[in-house]
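The sequence shown maps to residues 116 to 513 in the working numbering. We put the CB at the ideal spot given by N, CA and C, even for glycine. Okay, so here's the structure we're looking at.
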Amino acid sequence: MNIKINQNKQNKKIILSLLFFIHGIAYASLVPWIPEIKEKFYLSHYMVGVMISAIPAGAIALGLLSKNFINSIGLYWATNIAFLFFIVFISMIPFASSWYEITLLLFLFGVFDAWTDTCMNVQALNVQRLYGRSLINRFHGAESIGTIMGGAIAISAIGLGFSMGQFSITVLFMNLIILINYMVFFRNGNSKNEFFLRENIKKCMSSTGTKLYIIALILLAFTCGIEDTASIWGAIYMNDYYQVPSVISGLPYLACQVSMVIGRGFGDDLTNKFGSIPVLRTGILMAALGIATVIIIHSPTFSILGFSLIGLGMSVIFPLTISFIGQIPNINSTSGITFATWISRVGLLIFPPLIGVLADMTSLRTALITILIGCLLVFLLINTLSNTLIKQLTSGEK
Numbered sequence: 116m117n118i119k120i121n122q123n124k125q126n127k128k129i130i131l132s133l134l135f136f137i138h139g140i141a142y143a144s145l146v147p148w149i150p151e152i153k154e155k156f157y158l159s160h161y162m163v164g165v166m167i168s169a170i171p172a173g174a175i176a177l178g179l180l181s182k183n184f185i186n187s188i189g190l191y192w193a194t195n196i197a198f199l200f201f202i203v204f205i206s207m208i209p210f211a212s213s214w215y216e217i218t219l220l221l222f223l224f225g226v227f228d229a230w231t232d233t234c235m236n237v238q239a240l241n242v243q244r245l246y247g248r249s250l251i252n253r254f255h256g257a258e259s260i261g262t263i264m265g266g267a268i269a270i271s272a273i274g275l276g277f278s279m280g281q282f283s284i285t286v287l288f289m290n291l292i293i294l295i296n297y298m299v300f301f302r303n304g305n306s307k308n309e310f311f312l313r314e315n316i317k318k319c320m321s322s323t324g325t326k327l328y329i330i331a332l333i334l335l336a337f338t339c340g341i342e343d344t345a346s347i348w349g350a351i352y353m354n355d356y357y358q359v360p361s362v363i364s365g366l367p368y369l370a371c372q373v374s375m376v377i378g379r380g381f382g383d384d385l386t387n388k389f390g391s392i393p394v395l396r397t398g399i400l401m402a403a404l405g406i407a408t409v410i411i412i413h414s415p416t417f418s419i420l421g422f423s424l425i426g427l428g429m430s431v432i433f434p435l436t437i438s439f440i441g442q443i444p445n446i447n448s449t450s451g452i453t454f455a456t457w458i459s460r461v462g463l464l465i466f467p468p469l470i471g472v473l474a475d476m477t478s479l480r481t482a483l484i485t486i487l488i489g490c491l492l493v494f495l496l497i498n499t500l501s502n503t504l505i506k507q508l509t510s511g512e513k
């Protein structure tokens, strides 16, 4: 009996990891094609920023409905339907005939991006509860592997001369196969949202939960804005300053995601050994060093290195913050994660057009200073979070 239960847990962990993989590969497979889209429709930096901002705009406009969607049909079916529309809308982009159509498709993609984000993170915390230990970084690591795969196969397809449409249809069928596997293994799954939390942390957060929750939400908003720097601007930056081939222009994003996989692969072990706050502080300082390298050192090699440092530094911040929010007592897990993933899109909505406007007014290199400022603000937020926890633990011991 125990062997069967353990096998079921293992199957769920593997299949859910594949679901995170889908979430990563979908958008990543589009990123290396952004310069081609920019040239095809004669887009300015600002228009590219607005186009990409349609994703968080869709998430913000309708993302909060994911809670109602899950409550109405259940977590299992909500996950199936949300992921189906998620992969279909991104696959339709190559067949759009204008910038407006692409922006609309990305808006719809953003809606289901938010819904899938909520569904898979709730599922992840449920599976984590079954194991009784941290797994959240590993799940998000699988998502980063998906982004690497998406970026790598897109770059390869460009190099081999495939059209964007041919490539997109191939990725669609691959994602559908993975989704079918999820449907099979999770169809009898328990969708209750219960979480294990150690007693000392529970006492701490029960008295200052609201303050910690607000800090964590702001932290998520900045994190998402910084995380996507390489995916949105990496290829364009390489083209603008170094006139590299399309195959090379996608390397900043790929390097960033490889670093994210490495960071998330070791994230749970490092957190258990040193604690979450030291890991978060080290991560954001590493990201700041990365963007500073991109801005200061004018070299394609060092630019790729800088973007990779951003990925390594930011790798654990989002998963650890989501895990923290999902465990706050007296907050329904679905509601808490729904609002958290929703508010995280604010950074994605603000940063791309802001950087785009600044780039058109000055230069893209100058505009990226915004990301450096964002890193420093995240560091201050982490310190505020740490001080709040320390004060509460101290008062709890008295």
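By how many angstroms is the C-alpha of residue j removed from the C-alpha of residue i?
i, j, result
"tyrosine 191", "serine 271", "35 Å"
"glycine 349", "alanine 474", "13 Å"
"isoleucine 497", "serine 213", "42 Å"
"asparagine 124", "glycine 428", "First, the residue type needs correcting, since residue 124 is lysine and not asparagine in the sequence shown. Approximately 30 Å between the Cα atoms of the pair."
"lysine 128", "isoleucine 484", "39 Å"
"phenylalanine 204", "threonine 503", "42 Å"
"methionine 279", "asparagine 387", "43 Å"
"glutamate 216", "serine 181", "24 Å"
"leucine 327", "threonine 499", "9 Å"
"leucine 294", "alanine 197", "11 Å"
"proline 150", "serine 418", "17 Å"
"tryptophan 148", "isoleucine 329", "37 Å"
"threonine 233", "glycine 451", "9 Å"
"isoleucine 170", "valine 163", "12 Å"
"phenylalanine 282", "glycine 390", "42 Å"
"isoleucine 284", "leucine 199", "14 Å"
"methionine 353", "glutamine 372", "17 Å"
Excluding the five sequence neighbours on either side, which residues of its own chain have a C-beta within less than 6 Å of the C-beta of residue i, listed in chain order?
i, result
"histidine 255", "Arg379 and Pro434"
"serine 144", "Gly265, Ala269 and Val286"
"methionine 207", "Leu220"
"lysine 513", "Low confidence applies to lysine 513: its pLDDT is 48, below 50, so where it sits in the model is not reliable, and the reading given next is rough at best. Counting only Cβ-Cβ distances below 6 Å, and skipping sequence neighbours, we find nothing."
"serine 346", "Val146 and Tyr368"
"glutamine 238", "Leu131"
"histidine 160", "Gly471, Ala474 and Asp475"
"serine 430", "Met375, Gly378 and Arg379"
At which residues does the alpha helix (DSSP H) containing residue i begin and terminate?
i, result
"threonine 477", "Premise fails: threonine 477 is in no alpha helix (DSSP H) and is neither H nor E."
"aspartate 523", "Past the edges of the chain, shown from 116 to 513, lies residue 523, and the structure says nothing about it."
"leucine 199", "190–206"
"tyrosine 157", "Looking at the DSSP string, tyrosine 157 is not in any alpha helix (DSSP H), and its letter there is neither H nor E."
"proline 147", "Proline 147 -> no alpha helix (DSSP H), and no H or E assigned at all."
"phenylalanine 288", "279–300"
Go ahead and pull the three-state DSSP assignment for residue i.
i, result
"arginine 253", "helix"
"isoleucine 412", "coil"
"alanine 211", "coil"
"tyrosine 368", "helix"
"aspartate 384", "helix"
"proline 434", "helix"
"serine 390", "According to the sequence as given, residue 390 is glycine; it is not serine. Looking at glycine 390 - three-state DSSP - the assignment turns out to be coil, as it is neither helix nor strand."
"glycine 426", "helix"
"proline 360", "coil"
"arginine 460", "helix"
"glycine 164", "helix"
"aspartate 343", "coil"
"glycine 247", "coil"
For a test of your reading of the model: does the CB of residue i fall under 6 Å from any non-hydrogen atom of the ligand NAD? Yes or no.
i, result
"asparagine 354", "Inclusion of the ligand NAD in the displayed structure is not the case, the ligand content being empty and no account of it being possible."
Out of the options, which has the shortest C-alpha to C-alpha gap to residue i?
i, options, result
"isoleucine 341", "Pro467, Pro360 and Ser374", "Pro467"
"phenylalanine 454", "Ile440, Gly274 and Phe277", "Ile440"
"leucine 395", "Asn195, Ala257 and Ser501", "Ser501"
"phenylalanine 222", "Arg244, Phe156, Ala197 and Ser168", "Ser168"
"alanine 193", "Tyr246, Phe201 and Phe184", "Phe184"
"proline 393", "Ile432, Phe210 and Ile419", "Ile432"
"asparagine 230", "Asn186, Ser187, Gly178 and Asn126", "Asparagine is not the amino acid found at residue 230; the sequence shown has tryptophan there. Closest option to tryptophan 230, Cα to Cα, is Gly178."
"valine 409", "Thr397, Leu424 and Gly398", "Leu424"
"leucine 245", "Asp384, Gly421, Asn126 and Phe136", "Asn126"
"isoleucine 297", "Ile137, Leu464 and Leu463", "Note that residue 297 is tyrosine in the sequence shown, not isoleucine. Answer by Cα proximity: Ile137."
"leucine 158", "Phe210, Thr218 and Ile140", "Thr218"
"lysine 153", "Ile351, Arg302 and Phe288", "Ile351"
"arginine 480", "Asp384, Asp355 and Ala211", "Asp355"
Near residue i, which residues of its chain fall below 8 Å by C-beta distance, leaving aside the five closest residues on each side in sequence?
i, result
"leucine 492", "Phe337"
"proline 517", "Outside the displayed range of the chain (116 to 513) lies residue 517, so it cannot be described from this structure."
Note down, in chain order, each residue of its chain lying with its Cβ closer than 7 Å to the Cβ of residue i, except the 5 sequence neighbours on either side.
i, result
"isoleucine 333", "Leu496"
"valine 376", "Gly256, Ser259, Ile260 and Ile263"
"alanine 174", "Gly225, Val226, Asp228, Ala229, Trp457 and Arg460"
"cysteine 490", "Ile341, Ile399, Ala402, Ala403 and Ile406"
"glutamate 309", "Annotation note: pLDDT 39 at glutamate 309 (below 50); position unreliable, no value reported."
"leucine 469", "Thr485"
"proline 420", "In the sequence on display, residue 420 carries leucine and not proline. Excluding positions up to five away in sequence, the list reads Thr408."
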